[in-house]
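For reference, the structure is listed below as structure tokens.
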Amino acid sequence: MKKITGFIFITIIGLLPLGCKKFLDVKPMDKLSGNMFWKSPSDVNAFTMDLYAKFRNKLTSTEFMPAVGDLRSGYILPATINNSNSAAEKAIREVYSKFATNDLRSVLSTTREWKNLNYSSITKWVDFYQVIQGANILCDQVDKGVPDLTDALTKQFHAEGVFLRCLAYFFMVRIYGDVVYYTKAYDQDVHPRENFVDVLNSCIKELNDYKKYLPLAYSDPAYTAVRATRGAANALLMNMNMWNAGFDKANKSRYFQAAADEGKEIIESNTYKLVSLDEFAQVMKGRSQEGIFEFNQSTNYEGLPNFRAFFGEIMLKYPEKGAGGDNNSSHAYFKAKFLARLYPEGQADRRKDLWFDANMLSETGNFEFLKFKGDIISGATGAGSIPEWDLIIFRYAGILLLRAEALEELGNNDVEAIKMLNLVRQRAGTADYSGAGAYQLSDAIFNERCKELMGEGQLYFDLVRTGRIMNMEWTDDPLTQSQFDQGAWTWPIDPSALLENPSMKLNIYWQ
Amino acid sequence: MRKFSIIAFILCLCFSGGLFAQTAKVAVEGEVIKKTDQEVLGGVSIILDGPKKKILGFSDDKGHFSVSVPDNSDLIFMFVGYNDQKINIATGKSDLVVQMESSDNLMDEVVVRGYQKRSREVTTGASFIVTGKEIQDIPVSNAEQLLQGKVAGLNIQVNTGAPGYRGTAAIRGVSGIDVSGSGSSSFLSPTSPLYVIDGIPVEADADYSYGFNTSGPGVSPLSLIPPEDIQTIEVLKDAQATSLYGSRGAFGVILVTTRRGNSKIPRVRYTGNFFMNKPPKLRQTLGGNAERSAKIAEILAEGDYDDYLRISGTPILADSLNPYYNNSTNWQDVFYKTTGNQTHNLSIDGGNQKFNYKANFGYYSEDGIIANTGFKRYNTTLNMDYRPNDKLHVFVNLAGGVGKQLKGDGQGLFQTGVADNASVSSLLPGPSLFLASSGVISALQTDNKNLSQNLRVNAEISYLLLPGLNLSSNGSYDYTVGTEETFTPAAANSLVSTIYSYNDRNSTLYNRNGLTYSKSINKEHNFFFNAFNEIYVKKFQAGFIFQSGTPNDQFRGPLGFNNYSSKGGGVLNNYSEQHLSSFAGAFSYDYRKKYVLDLTYRLDASSVAGFDNPYAKNPSIGLRWNFNKEKLFEKLDWLTYSDIRMTWGRNIQPSGDIFSLYGTYTPNGYYIGSPRIGLNYDVVPNSTLAPTTNTTYNLGFDLGMFDSKFEVIFDTYYKKVDNLHRSVNLPTTSGFNTVLSDHAGLIDYGYELTLTARPLPASSKVTWSISVNGAINKDYLTLLPNNLNEIIDGSTVLKVGRNTLSNYLLKTIGVYASNDKVPVDPVTGLRYRSGSSGTAFFQEGDPFWQDLDGDYVLTDNDKQVLGNSQPVVTGGMNTFISYKNFSININGSFTLNRDIINDALAGRLRLVKDPYGSNTLLLLNDINYWKSAEVQASYPNPYDFKRADLINPFRSDQSLFQEDGSYFKINNITFAYSFEKSFAKRMHLNALRVYVSSNNVFTFSNYSGPNPENVTALGYDASGGYPVARTYNVGVNIEF
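Okay, here's the thing in structure tokens:
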């Protein structure tokens, strides 16, 4: 008896360590820890999707794309005449006159009527850095190896991480100027801001190394234009080169050449085409054959988006938007002077016919910019019901024009440049560019970009990188050279950036 | 060891009893009593002395015995915990009264190491035992506070009078640097010792930290143990003693043993206490018209024409005929009350060495001295001990407790609402049937019930396999349900009633299996092995509902979900399930009990520590030299015992959890139809996080002289805490908010001395013992994250090279007697000014704050590191005197060298700044504030209400309010009388004892505030705290 009892005891004690590892493996019910994650390709995919969505959420946290890309051009003003919206809404929309005079201090004021529109989120870069950290972690984790993830997919996800990181830096450079640059996963160090040309050069170098691992297109049509492809990488590289060309004048021909080459690659990939203007709503809705990269907002899966994030919200009214007190009139309009410059009297242009109506030059609440017209999201009612749009970042027409610009700047292949320009003009049903008329080639290309990409968050950046922001001819809110040099084209940075970082400095112009 | 052999010896004799037969006998009858309180003592072994000792019998439960012995022989009376009594039986001597004297020899104590009982003589670690006797007779809701001043190095501060709550307890100084909040609500994360109740580890902070100013009942698990049921409490201090308890013992271990059955015939004992809690002295206020006149006088003295005009627009000042403004209400009386309370405890025990049992039923009820607060406790404890033979031992324990707490509308520790309301102008009418302010209703009528229901069962089986080889298994289940129900009436909350209902479940399943082996070779080389493993499964889940707008204050349910009135709730995100597994081993060797070596090692693995490094290793080594056993000292008769102990040990706490190591990933919905799982950006994963390590060196010395009449225990220690974790904010460019850093460290070193004296001879009719203990603890911060020199946490600063938790204050040099005393900036020609406004130049009557950066502008840059919010010296004094049936017991404790911020005084002075408001006006007669340039003042002018907001003269973060918080407190005094046996018998009782006692008797201190102890852990005396009551008690012990 004694022996048996003892035996049982010893056996029990002896068995305990064996079961120990399993005993200690407690899977938390309500969350996942990092050591439980990164176990399958679907984990990697889910994480990548989260990065896209995080980026998208930043761009929809406020009227982001219009605020950074269009409103500061000086050509957009609040509609005060024939505006039957509520007085409160009209007061809020006065903010556009502040944008039009580059008065960002008033825009960001916490006491004005528009304080709830959350423009201050533009000054906070932490969300971009979350995307960057996430991308760094994605690259780091796939390189460490994920079970069942093939070599090709490993490289592809790594390249996707690099693309997202570069895109985030590209956005930040255009908004804040100099930024902190790093690529290390879980980086916790204190860095000073780095010259933005160097930042983009680092991005260009890295993306050049990784773009080859990205697919030309995804077999799943759901991913068309909303996930990184080689074309998207080319487009981003083009844009980064063009931006640097405007600031790093000493090396500009190198940048232009690179941009032209990247553009050529896109064209020769035969992946994209210009969609007929009759089906243009499809382009704005997203995932069209013209789209190269865009952020998707799906009401099917994610509910109603922040409708204020879209340019169409401010320049459409009922019935293009849903019925509602503040949808009776457009909130803002494009100055007639600007539209008249783009669409000279007597020149046929289908874009003018399709995107504008009789009130085109009215400068009133009746003005509408019908490019953003579309099917209203099903089921949505009231003020928030708008057509379904993607946030278009790069599309084929823009890339063609950008290539035309690069080639023109290089000055050795104007024929090809004109060919690019005319591809876009032909689709618009307007006459081919036939040599210097009213405008030089470079100006004609610029005008074409204004027309084609109107409301897509490109205008202000084109003004800045080409230096036209300092020219009364191209903007109604020109900066002086000294303002420009002090960084008047940037946004203020939220002072929270100074915390825990002694080497941090904010943008001098806005101090 | 010795006691074991005695017990074994007794057992053996017991089972072979009845075999003796002798001739020429005398019958001896008599009674065995305790010398201290003259109570009878049952179960005492009566042994016939001789070459072969023989057991004759035991005293019965009435202390009576009757044996027959050979003429002129010696009898020895033996009982565990008492000195042996040897009595010669001369012919004809038959009616004996044997007085048993309790054994006070420290070396006879049984200490517990790694769940095993050992004789103190052969252990090396530092520990101290407090017996249950010492902490009874004082009714308190939490027995922990009765340990105050009893153990050198155990610093207990009763810093809240809230019934059912704990103060702070720390063994050997500061162990953590986690400070949250700021100013008077700043809060140091508690690093309380681990409590092991009847062999079952219980975390004293578990519920408490969660209940601190957050949701949840916040009843401390320690408040659920009735003090009457406590047999002993042992405090383990150094790492050698605690190492076998592993990671969780890093802050020291306190072992609580409850009573066991010990009476042949079932015995019923009753203890009842009736006590009165009296609030401390409250603030003196001006009442009625005196208040109005004072306020108007203040305006007339300091204001201008516009201010005079404003008087007529302020009805509380102008409309003295309005009955609403024509009162003299004593608001403090509304909220603070003397309360009468009671406790009852009934215990039944019985059985013998073979089988015994005990049942204890306790009831404790205390109404808080603040209205609408209180604590009630209901307890049942049952245990059973079974030893059918000398091999098998079964022990079963069942403890159930219900703690019911009322928190009013406060949080228990803080009653800010009450404090605010008690500061309302006396001119306003007091609460009545038809009239009461919402604040008053909130404080008085908020219906708040907190229940903490705890059930703890454990069973232990051990079996002696071979001589010396013992196997044991212990299992327990501890289940606590906490609920909080709060109903806030509509009148107290902007005419919308709210209902808050919280519940949590906390369970711990615990199992320990162990093996011990002891072997002695020639009684010279003694070996002891102990190996065991432990596993825990701990689960916690909490949830709440919060709803607003019931139809009226009477109709409170049933409630359903409704979009509008449901204000949140659901399962809280602090759900946890944790598994722990540990292996521990100890080896002990001694040579003739002269040289002792202790080695222990423990591995702790936790499911939250991750797989890369799951084991935390806790080694220790200890040496002891009982040098009185050396030949050299053998001749010294006066030397009872003497030894030197040296230990080294390390406790390692697990390195955060898997979430701080690897990050938290949460599902975030969908993007383009695919699921998203993203990283949580609150805390950056830190996979290199090192575990916090406590390394302790201890050198101890024990000395007993003149038959233990004088005893000395001295310990000195050096404790190094490395890799302290601290959350550090990250720059926004990292994308993450914080990182849990391990780059922080501190050291504590100190000295502990305990002196005990029993100066009177054993023959004296008076028993007197006195014991004094003290501990000096110094702590230094050695390292901070990012190699920072200092981190400022509100008004606490962590500065490397100083004491860990210092205050960060403006230094007040004095008060400007006149305008020309204010420094003038030679560059601008302007006077020194406050930074809050460009025109706030200092003038006469303003405080003179040192301008540290010399820019003639007062900003936060002028603050400096001052003072130490932690006590340096703590200790206590206890004395016990008994004469015949009378006994008196006095306990005191002291805390020296501690800086506290007298925010109560600052708040009192701040009240004056708004003469138009509806605040009360307190008497400031006792304060030497600035009145004119001629008189030297120590406080600024409080009546200059026009500039008060500009310069904030009574900000609490200034050295003016930093005071020395040293105090000596008489904790409690007990005076007891035990009735004569004969008298008790006439009442058909076995024994009867009555006593009167008082708790929190008096505090001697130079501190100008109300109570230097009633401050936060960071030394802030906040007037919103819960005052500590003084208790007067009448109690009775009855044994049937």
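Line by line, the protein sequences give chains A and B.
Using the working numbering, the letters of the first sequence correspond one by one to residues 2 to 512.
Using the working numbering, the letters of the second sequence correspond one by one to residues 347 to 1386.
Every residue, glycine too, gets a C-beta built ideally from N, C-alpha and C.
As the structure is a prediction and not an experimental result, all values here were calculated from the model.
Check                                                                                                                             : Outcome
Contacts around B:T946, its chain only, beta-carbon distance under 6 Å, and the 5 residues preceding and following it disregarded : S589, L590, A932, S966
As assigned by DSSP and simplified to three states, the class of A:M455                                                           : coil
B:F878 vs B:N859 beta-carbon contact at 8 Å                                                                                       : yes
Secondary structure of B:Q1216, DSSP reduced to three states                                                                      : coil
Proximal residues of chain B, C-beta to C-beta of A:W390 below 8 Å                                                                : What A:W390 touches in chain B: nothing, since even the nearest Cβ is about 15 Å away.
Expected contact under 8 Å - CB spacing of A:F129 and A:L237 to nearest Å                                                         : About 15 Å; that fails the 8 Å criterion.
Per-residue burial, B:G396 [other beta carbons within 10 Å of its own, 16 or more giving buried]                                  : exposed
B:I379 - partner residues in DSSP beta bridges                                                                                    : B:V386, B:Q445
Contact list for the segment 921-948 of chain B against chain A, Cβ threshold 9 Å                                                 : Y921, S922, E923, Q924, H925, L926, S927, F929
Where A:Q134 falls: helix, strand or coil (DSSP)                                                                                  : helix
Minimum Cβ-Cβ distance from B:F1005 to chain A less than 8 Å                                                                      : yes
Spatial neighbours of B:N673 in its chain, beta-carbon cut-off 8 Å, leaving aside the 5 residues before and after                 : G634, S772, L773, L774, P775, G776
Contact residues within the segment 108-135 of chain A, judged by C-beta distance below 9 Å to chain B                            : K125, W126, V127, D128, F129, Y130, Q131, V132, I133, Q134, G135
Three-state class that DSSP yields for B:L1176 in the structure shown                                                             : coil
CB contact below 8 Å: B:A1163 versus chain A                                                                                      : no
Neighbour list for B:F1314 in chain A, Cβ cutoff strictly below 7 Å                                                               : None at all; the shortest Cβ gap to chain A is about 45 Å.
Secondary structure of A:N235, DSSP reduced to three states                                                                       : helix
Any non-hydrogen atom of the ligand FAD within 7 Å of A:G75 CB                                                                    : Questions concerning the ligand FAD fall outside what the structure shown contains, since it holds no ligand whatsoever.
Proximity to B:G686 [Cα-Cα], best of B:N1379, B:I1384, B:F1386                                                                    : B:N1379
B:Y848 at chain A interface by Cβ criterion, 8 Å                                                                                  : no
Exposure of B:D1094, with buried meaning 16 or more beta-carbon neighbours within 10 Å                                            : buried
CA nearest to the CA of A:D477, picked from A:L343, A:A89, A:L411, A:F339                                                         : A:F339
A:T300, enclosing alpha helix (DSSP H) - first and last residue                                                                   : 300-303
As assigned by DSSP and simplified to three states, the class of A:M241                                                           : helix
Proximal chain B residues relative to A:Y187, where beta-carbon distance stays under 7 Å                                          : V1030, P1031
Residue closest to B:K939, alpha-carbon to alpha-carbon, out of B:G914, B:S988, B:V378, B:G696                                    : B:S988
Cβ of B:V1085 within 8 Å of any chain A Cβ                                                                                        : yes
B:T588: first and last residue of the uninterrupted beta strand (DSSP E) it sits in                                               : It is not in any beta strand (DSSP E) - B:T588 instead sits in the alpha helix (DSSP H) that spans 585-588.
Residue burial classification, B:H1334 (beta-carbon count within 10 angstroms, cutoff 16)                                         : exposed
Counterpart residues of B:D936 in DSSP-defined beta bridges                                                                       : B:N872, B:V942
In chain order, each alpha helix (DSSP H) run of at least 4 residues that lies wholly inside the segment 283-354 of chain A       : 300-303, 312-315, 337-343
Cutoff 8 Å: B:Y882 Cβ touching any chain A Cβ                                                                                     : no
Per-residue contacts from B:L1076 into chain A (C-beta, under 8 Å)                                                                : Q189, E501
Closer than 8 Å to chain A by CB, B:I1018                                                                                         : yes
Classification of A:A223 by the beta-carbon crowding that lies within 10 angstroms, buried from 16 upward                         : exposed
Presumed contact (8 Å Cβ cut-off) between B:N1165 and B:Q1196, rounded CB distance                                                : That pair is no contact at about 19 Å.
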